[in-house]
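Numbering-wise (the working numbering), the sequence shown opens with residue 3 and increments by one. The beta-carbon is built from N, C-alpha and C at its ideal position, and this holds for glycine as well. For reference, the structure discussed in these notes is given below.
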Amino acid sequence: SIVAGGIALRSDNLRNLLAFSTISQVGFILLGFAVAGTYGIVGGILYIITHALAKSGLFFGVGVIEDSTGKVNLGALCCMLKVSPPLGVSMALLAGSLAGFFPLIGFFAKLWVIIGAVEKTAYLGVGAIVAAVFTLLYIARFYHELFFRKAHAKLPEIKRPSYTGVAVVFLMALVSLLLGILFFQPVNYLLASGGI
Numbered sequence: 003s004i005v006a007g008g009i010a011l012r013s014d015n016l017r018n019l020l021a022f023s024t025i026s027q028v029g030f031i032l033l034g035f036a037v038a039g040t041y042g043i044v045g046g047i048l049y050i051i052t053h054a055l056a057k058s059g060l061f062f063g064v065g066v067i068e069d070s071t072g073k074v075n076l077g078a079l080c081c082m083l084k085v086s087p088p089l090g091v092s093m094a095l096l097a098g099s100l101a102g103f104f105p106l107i108g109f110f111a112k113l114w115v116i117i118g119a120v121e122k123t124a125y126l127g128v129g130a131i132v133a134a135v136f137t138l139l140y141i142a143r144f145y146h147e148l149f150f151r152k153a154h155a156k157l158p159e160i161k162r163p164s165y166t167g168v169a170v171v172f173l174m175a176l177v178s179l180l181l182g183i184l185f186f187q188p189v190n191y192l193l194a195s196g197g198i
C-alpha cells in the first residue's frame with residue numbers, strides 16, 4: 003500500500019496515478035479484513051464501497067477529460083473548473099473521498115480501518131497512517147492542478163465535456179457524499195450513547 007502510494011505520488015499520467023492508487027487502496031481494504039474486529043471488518047466493507055464509487059467515477063472523469071482535451075496528464079485538470087465546474091467539483095469530491103475527507107464515505111472507511119489496525123498492533127496502525135499520508139499527498143497534487151494551477155491559453159481547442167459523462171461523475175460524487183452523511187448519523191448516535 004505504501005509503495006504503490008509512493009509511485010502514484012510521482013506519476014504525472016492520470017491513468018497511472020489512479021492505477022497505482024488502486025493498488026494502494028486495495029492494501030487498505032485487505033488490512034481492514036486482516037485485522038478483523040468490528041472496526042476492521044466494517045472499515046473494509048466501507049472501503050470497498052468507497053473505492054468502487056470513487057475510482058469508477060475518477061476513471062470515468064479521466065475519460066471525459068481525455069475526450070475533451072486529448073490529454074490524460076495532470077496538467078489537463080487545470081482547465082476543468084473553467085470548462086466544466088460540475089465535472090471539476092465532482093472529481094474533487096471523489097478524490098477527497100479517497101483521501102478520507104469528512105463527511106464523505108471515505109472518511110469513515112479510512113478512520114475505521116486505521117482504528118482497527120491500531121487496536122491490533124501499534125505497528126499496523128503506524129503503517130496505515132503512513133499509507134493514508136501518501137494518499138493525501140497525491141490527492142494534494144490532484145487538487146493543486148485542479149484548483150490552483152493557471153489554465154493554458156489554448157482553451158478554444160478544448161471541447162466541452164459531454165453532459166452524460168459529467169452526469170455520471172456527478173452522480174458518483176453525490177452518492178459518496180450522501181453515504182457519508184447517512185453513515186454519520188448512526189455513528190454519531192452510538193458515540194453519544196457510548197455504544198462505540
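- Counting along the chain, the unbroken alpha helix (DSSP H) around Thr137 starts and ends at Ala124 to Tyr145.
- Annotation for Ala94: the continuous alpha helix (DSSP H) segment containing it runs Pro87 to Ala101.
- In this structure, the alpha-carbon of Thr166 lies about 15 Å from that of Glu68.
- Distances from the alpha-carbon of Ile183 to those of Phe35, Ala175 and Ile107 put Ile107 closest.
- Going by beta carbons, Phe103 and Phe185 fall outside the 8 Å limit.
- Of the residues assessed, Ala54 falls on the exposed side of the cut-off, its CB having fewer than 16 other CB atoms within 10 angstroms.
- Bridge partners of Asn15 according to DSSP: Asn75.
- For the set Thr40, Ala142 and Ala169, the Cα lying nearest the Cα of Arg12 is the one of Ala142.
- With fewer than 16 other CB atoms across the displayed protein chains lying within 10 angstroms of its CB, Leu180 is exposed.
- In this structure Leu16 is in contact with Asn75, their Cβ atoms being roughly 7 Å apart against a cut-off of 8 Å.
- Looking only at Ile50, Val120 and Ala36, the smallest Cα-Cα distance to Gln27 is reached by Ile50.
- About 15 Å separates the Cβ atoms of Leu95 and Phe61, ruling out a contact at the 8 Å cut-off.
- Annotated as proximal: Ser164 and Val66, with beta-carbon spacing under 8 Å.
- For Ala169, there are no CB contacts under 7 Å within the same chain when 5 residues up- and downstream are skipped.
- DSSP places Phe104 in the coil class of the three-state scheme, outside both helix and strand.
- Ranked by Cα distance from Gly39, the first of Leu173, Ala130, Val115 and Ala124 is Val115.
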